[in-house]
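Residue numbers (this note's numbering): 341 to 537. Taking it in order: structure first as structure tokens, then the write-up.
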Amino acid sequence: TLEDYGAAEVLFAAVVAASILIPLGVIEAVLRFYYKSGEDPARVLSTSFAALFWFATAAAAGALPFGGPISEALSDPGEDLVRISIGGLWVLTLHEYLLTIFRLEERARAFFAVTIANVLAAIALTVALVVGADEGARGLLLGSYASGAAFVLGLIVVHRRRISLWIDRSLLRRMMRFGLPTMPAELSLYMLNFVDR
């Protein structure tokens, strides 16, 4: 229904906006610090992944109990849909970073293959859920985020030697000093599209 599309669209937009805030500029910073003289690229990757993992996990865990109030603030798409989207926020944050590793390593074929495979999997799962199972907005959200979660797990396996859950706090502070100022510009550009909705 039109209501299903509207609810899903609002939540997709909210997830993208939140995914700009949750990393605290770390994804932008990794693109600089990986190549920066005097920085260890391996440590930059492991620290940035750990930071994003913990930021995203804390944000998702903190938001889950507030599914009802978040739904009300977003014109009431439904608490169930909000909870799916909170999981989607975790997936989107890590997925973007794990793809960034391919960019840093200049592995264009891997980046292209994973991106296209993820899109095709999301389309297939979404069609199965929306058309086959008549899941409506729930199917739109689950189709996108469930397929993304599978790719996140796969990419963690692919990059397992380069990432960790340990944070070098000194390095993270330097990265955030660089990355945090980029967030308002990125968020404002995205919100110009979102406000029009």
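Where a beta carbon is used, it is the ideal one built from N, C-alpha and C, also for glycine. What you are looking at is a predicted structure, and each value in this text was computed from that prediction instead of being measured.
With 16 other Cβ atoms within 10 Å as the buried cut-off, status of residue i
{"i": "T341", "result": "exposed"}
{"i": "R500", "result": "exposed"}
{"i": "I441", "result": "buried"}
{"i": "A448", "result": "exposed"}
{"i": "W430", "result": "buried"}
{"i": "Y345", "result": "exposed"}
{"i": "S510", "result": "exposed"}
Assigned secondary structure, residue i (DSSP; H/G/I helix, E/B strand, else coil)
{"i": "P524", "result": "helix"}
{"i": "D416", "result": "coil"}
{"i": "E368", "result": "helix"}
{"i": "W506", "result": "coil"}
{"i": "I496", "result": "helix"}
{"i": "E445", "result": "coil"}
{"i": "D380", "result": "coil"}
{"i": "I362", "result": "coil"}
{"i": "V485", "result": "Sequence check: residue 485 is Tyr here, not Val. Y485 falls in the helix class under three-state DSSP."}
{"i": "E475", "result": "coil"}
{"i": "R501", "result": "coil"}
{"i": "Y375", "result": "coil"}
{"i": "T455", "result": "helix"}
{"i": "T341", "result": "coil"}
Alpha-carbon to alpha-carbon, residue j and residue i
{"i": "A413", "j": "G476", "result": "21 Å"}
{"i": "F395", "j": "I362", "result": "6 Å"}
{"i": "L438", "j": "F393", "result": "11 Å"}
{"i": "G519", "j": "T433", "result": "15 Å"}
{"i": "L351", "j": "E526", "result": "19 Å"}
{"i": "V535", "j": "E343", "result": "18 Å"}
{"i": "T455", "j": "E349", "result": "21 Å"}
{"i": "I581", "j": "D420", "result": "Residue 581 lies beyond the stretch modelled for the chain, which goes from 341 to 537, so this question has no answer here."}
{"i": "I496", "j": "D416", "result": "34 Å"}
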